[in-house]
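Right, one structure below, let's go through it.
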Ligand SMILES: [Mg+2]
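This is the structure we're talking about:
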């Protein structure tokens, strides 16, 4: 039977970018012609579709602009993540993906990004997109909540062992909503002590030191 590890992207496979939050405002500005309202707090754990919808509402703009803004966000991501602002891989990613595959599990994505945005970020960071099963991956550019992704994953992978690896309490909440086990990794903004207060089966400091625990979990799952 096929078994699936569903990887989050930002903060999990890739280290977070310093200006990631500004890209949504740039996309809205270019589509709607309004000026963004300055720096924003990071919104780690939210899916792109949710951030776009909230910012359109905040500016009093029509939700009908959602698709155009999401498309422009993709375009900006291609510019950003193939250039000087390309993301860095989190430590141990190549080794972890290889070990998961060798353990008989399939690597998939469960991310708030669109497929195009996820692909260009991964490629920009030097990770081959072919390492993932894109047919069994789940994306949040049109979703309004991360639980929509886990609901889709739960339905599509019904009956197969699956587990989510992510870096935020939101990943945990979305996994818990459908009963998918959640493994946390503290390479995003949330420190291990905060992730330990979630429902995570365990917390990995990073994918280097956490790999033995991850593999032990996969062997018994
Ligand atoms: Mg994340």
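In this note's numbering, the protein residues as written are 12 to 232.
Positions of the beta carbon are idealized from the N, C-alpha and C atoms, including for glycine.
Measuring C-alpha to C-alpha distances from residue 152 to each of 26, 135, 59 identifies 59 as the nearest. CA-to-CA, the gap between residue 187 and residue 210 works out to about 8 Å. A residue is called buried when at least 16 other Cβ atoms come within 10 angstroms of its Cβ; residue 63 meets this threshold and is buried. Taken atom to atom, the span from the alpha-carbon of residue 220 to that of residue 130 is near 26 Å. Ligand 1 never approaches residue 117 closely enough for any of its heavy atoms to be under 7 Å from the residue's Cβ. Leaving aside the five residues that flank residue 18 on each side, the residues in its chain whose CB is nearer than 6 Å to its CB run, in chain order, 24, 120, 176. Scanning 134, 101, 224, 147 for the CA closest to the CA of residue 117 turns up 147. Take the alpha-carbon of residue 77 and the one of residue 54: they are about 18 Å apart. Per DSSP, residue 124 has no beta-bridge partner at all. For the set 181, 224, 165, 42, the Cα lying nearest the Cα of residue 22 is the one of 181.
Taking 8 Å as the upper bound for CB-CB distance, residue 228 and residue 212 are in contact here, some 7 Å apart. Listed as beta-bridge partners of residue 21 by DSSP are 25.
Residue 55 has its CB nearer than 7 Å to a heavy atom of ligand 1. For residue 223, the closest of 173, 114, 183 by C-alpha to C-alpha distance is 114. At a threshold of 7 Å, residue 23 counts as near ligand 1, since its beta carbon sits closer than that to one of the ligand's heavy atoms.
Relative to the Cα of residue 20, the nearest Cα in the group 127, 203, 225 belongs to 127.
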